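Numbering (the numbering used here), first residue to last: 524 to 655.
Positions of the beta carbon are idealized from the N, C-alpha and C atoms, including for glycine.
The model shown is predicted, which means the values in this text are computed figures rather than measured ones.
The structure appears below as structure tokens.
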């Protein structure tokens, strides 16, 4: 009987929806950074959620990947690793990674994704189709 209950419980878990941003519309687009703290972001940076619990993207100089397993609407960029290529936009890249690491909340509003924190910091992204 215990075996039957265990199998039933495990099978139900397989039907559970991803509770991170991936399961709430985040995986539907490539998110292009538009602004940090209300100031336009002149460089190009993207954020994607390619699979449950994963994040990835392209900062101005380097590609990166990491984990994001916090339940929606919380956000936590964890274990972020980036390639080590130098470029003229290294300052913009440092600003991007510093801000990304401080974000604690995420909101998906159609084709807009907003990362923010309790200190009032905010990153606004515009979504585009994944086919790009």
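8 Å Cβ shell around residue i - same chain, five flanking residues per side excluded
| i | result |
| --- | --- |
| residue 601 | 589, 590, 591 and 592 |
Helix, strand or coil at residue i according to DSSP, with G and I counted as helix
| i | result |
| --- | --- |
| residue 549 | helix |
| residue 633 | coil |
| residue 615 | helix |
| residue 576 | coil |
| residue 620 | helix |
Close beta carbons around residue i, own chain, < 6 Å, minus the five adjacent residues each side
| i | result |
| --- | --- |
| residue 636 | 554 and 648 |
| residue 581 | 569 |
| residue 545 | 572 and 575 |
Backbone CA spacing between residue i and residue j [nearest angstrom]
| i | j | result |
| --- | --- | --- |
| residue 624 | residue 543 | 17 Å |
| residue 577 | residue 552 | 14 Å |
| residue 557 | residue 646 | 8 Å |
| residue 614 | residue 628 | 24 Å |
| residue 642 | residue 570 | 22 Å |
| residue 609 | residue 584 | 6 Å |
| residue 565 | residue 633 | 23 Å |
| residue 616 | residue 605 | 11 Å |
| residue 587 | residue 579 | 5 Å |
Close Cβ partners of residue i (< 7 Å) along its chain, the five nearest in sequence each way excluded
| i | result |
| --- | --- |
| residue 651 | 552, 553 and 555 |
According to DSSP, residues forming a beta bridge with residue i
| i | result |
| --- | --- |
| residue 626 | Residue 626 is not bridged to any residue. |
| residue 647 | 558 and 637 |
| residue 590 | 577 and 601 |
| residue 606 | Answer by DSSP bridge pairing: none, since residue 606 is not bridged. |
| residue 563 | 558 |
CB contact below 9 Å: residue i versus chain C
| i | result |
| --- | --- |
| residue 597 | This model lacks chain C altogether, as it is built from one protein chain only. |
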